[in-house]
Amino acid sequence: MALELNITVLIGGVGGAKLARGLAEVVPPPRLSFIVNTGDDFWRYGLKICPDLDTVMYTLADIVNPETGWGLAADSSAALDSMARLYGVDNWFRLGDKDLATHLLRTQRLREGESLSQVTAHLSRQLGISARILPMTDAEVPTILNTINEGKLPFQDYFVRRRCAPIVQSIMHKNAERAAIPERARAALLNADALLIAPSNPWLSIAPILSVPGMRALLSRVRAPVIAVTPIIGGEAVKGPTAKIMRELGLRPSAAAVAEYYQGILDGFVNDSRNPPMELPGVQVLQSDTLMRTLEDKIRLAQEIVHWIEGWLS
Ligand code: FO1
1 MALELNITVL IGGVGGAKLA RGLAEVVPPP RLSFIVNTGD DFWRYGLKIC PDLDTVMYTL
61 ADIVNPETGW GLAADSSAAL DSMARLYGVD NWFRLGDKDL ATHLLRTQRL REGESLSQVT
121 AHLSRQLGIS ARILPMTDAE VPTILNTINE GKLPFQDYFV RRRCAPIVQS IMHKNAERAA
181 IPERARAALL NADALLIAPS NPWLSIAPIL SVPGMRALLS RVRAPVIAVT PIIGGEAVKG
241 PTAKIMRELG LRPSAAAVAE YYQGILDGFV NDSRNPPMEL PGVQVLQSDT LMRTLEDKIR
301 LAQEIVHWIE GWLS
């Protein structure tokens with residue numbers, strides 16, 4: 001275990017959660033904070049669904065579905081199947097029976113006036129998680145994709161219903177200008193010894209976090225180094241549409257283009273050893289094997305990154 005470092009991680013869903021799982025074995029969890037994308041959040045069947053918060057939460061509690069990387073392990077879909085049978089509900093967004101408990105409880109508590117930060121802290125505590133899981137904002141800042149063929153699509157319509165097929169022209173973060181960084185997230189940023197940007201999709205998962213007013217300024221001002229981990233290995237993303245979106249936005253899918261995207265906030269970059277070596281002015285680079293298939297891979301990568309940071313700060 002790393003000794004005294006407080007580490008705060010900006011993170012999205014499945015890809016980032018793998019590193020989160022490794023970090024939780026290397027850094028004492030009370031010293032770990034995760035600032036989580038909520039741009040994917042939406043309302044479905046009257047329930048507030050927060051996919052990335054739940055993915056990070058379930059992964060850290062070791063109850064995530066190992067096949068999908070989201071939802072709960074050994075879950076069933078009787079409720080959703082009944083809804084489809086009885087009411088003809090279009091059930092393209094799959095909500096498991098056990099998973100429903102999270103959405104029901106979250107929705108009830110939000111309706112009673114709790115903030116998303118408070119509800120998430122409560123759910124995390126109940127699941128025995130001692131790392132802090134912090135929404136990027138308590139406001140609703142839904143990600144909307146402007147696509148060539150199908151116009152404006154809310155995130156889950158694009159991602160799940162349309163399986164990322166439409167061609168993306170631009171990405172919006174609705175109401176971002178009215179959002180604020182919650183106090184707990186701000187404290188986690190200010191108290192960190194190092195800030196990591198997880199290997200999540202920069203455009204879909206990290207950009208919403210950076211869209212919260214004051215976030216970019218805070219990241220370029222904090223004393224802690226900001227270090228991003230590449231989501232691109234050999235010109236492709238391990239999972240998901242990162243490379244496809246980069247091409248559609250006119251970028252060549254490469255770790256260098258990701259680092260360039262984070263320009264202005266970055267002090268360090270973890271590049272994959274399969275990628276061409278990188279040199280970035282003012283940015284230290286660690287070449288490493290960033291592919292995380294097994295728990296051992298996750299722990300090894302987390303260890304390497306933390307040791308690198310320790311050497312850097314000592
Ligand atoms: N992803 C899918 O591809 N299909 C689904 O039906 C689906 C349901 C779902 C339910 C709860 C949850 O927390 C996540 C769910 N996801 C599903 C994953 C999620 O939509 C995406 O992985 C993220 O939003 C992208 O990070």
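Just so we're aligned: the sequence shown equals residues 1 to 314 in my numbering.
Yeah, the Cβ is synthetic: ideal placement off N, Cα and C, and Gly gets one too.
Residue i beta carbon near the ligand FO1 (any heavy atom closer than 7 Å)
i           : result
residue 95  : yes
residue 46  : no
residue 159 : yes
residue 115 : no
residue 289 : no
residue 13  : yes
residue 71  : yes
residue 133 : no
residue 205 : yes
residue 156 : yes
residue 166 : no
residue 66  : no
residue 75  : no
residue 51  : yes
Closest by C-alpha distance to residue i, when choosing among the options
i           : options            : result
residue 55  : 299, 209, 120      : 120
residue 177 : 148, 142, 200, 195 : 142
residue 264 : 312, 222, 20       : 222
residue 66  : 279, 294, 246      : 294
residue 140 : 71, 122, 48        : 48
residue 216 : 193, 189, 241      : 189
residue 227 : 292, 283, 102, 110 : 283
residue 156 : 108, 168, 41       : 41
residue 338 : 276, 285, 52       : Residue 338 lies beyond the range of the chain shown here (1 to 314); nothing can be said about it.
residue 352 : 276, 160, 240      : In this structure the chain extends from 1 to 314, so residue 352 is not present and cannot be described.
residue 309 : 267, 69, 159, 182  : 267
residue 158 : 99, 193, 136, 245  : 245
residue 135 : 152, 313, 115      : 115
residue 313 : 164, 289, 29, 192  : 192
residue 262 : 214, 203, 240      : 203
residue 160 : 240, 201, 212, 109 : 240
Whole-Å CB distance - residue i paired with residue j, under 8 Å assumed
i           : j           : result
residue 272 : residue 230 : 5 Å
residue 97  : residue 73  : Actually they do not touch by this definition, with Cβ atoms about 13 Å apart.
residue 209 : residue 10  : 5 Å
residue 138 : residue 124 : The Cβ separation is near 15 Å, so there is no contact.
residue 179 : residue 35  : At roughly 13 Å, the Cβ-Cβ gap does not stay under 8 Å, so residue 179 and residue 35 are not in contact.
residue 292 : residue 18  : 4 Å
residue 257 : residue 280 : So it is not a contact: roughly 12 Å between Cβ atoms.
residue 131 : residue 24  : 6 Å
residue 52  : residue 71  : So it is not a contact: roughly 13 Å between Cβ atoms.
residue 22  : residue 200 : With a Cβ gap of about 14 Å, residue 22 and residue 200 do not count as contacting.
Cβ-based neighbour list, residue i, same chain, cut-off 6 Å, excluding 5 preceding and 5 following
i           : result
residue 129 : 60, 61
residue 274 : 233, 234
residue 205 : 12, 37
residue 83  : 89
residue 91  : 80, 84
residue 287 : 271, 273
residue 196 : 9, 227
residue 174 : 142, 144
residue 237 : 231, 243
residue 103 : 47, 49
residue 106 : 48, 119
residue 69  : 14
Residue i - partner residues in DSSP beta bridges
i           : result
residue 171 : 145
residue 42  : 49
residue 237 : 232
residue 287 : 271
residue 33  : 8, 132
Neighbourhood of residue i by C-beta distance below 7 Å, restricted to the same chain and skipping five residues each side
i           : result
residue 167 : 147, 148, 149, 248
residue 154 : 42, 142, 144
Same chain, Cβ closer than 8 Å to residue i, five either side skipped, listed in chain order
i           : result
residue 219 : 189, 195, 210, 226, 265
Heavy atom of the ligand SAM within 7 Å of residue i beta-carbon
i           : result
residue 242 : Among the ligands in the structure shown, the ligand SAM does not appear; only the ligand FO1 can be found there.
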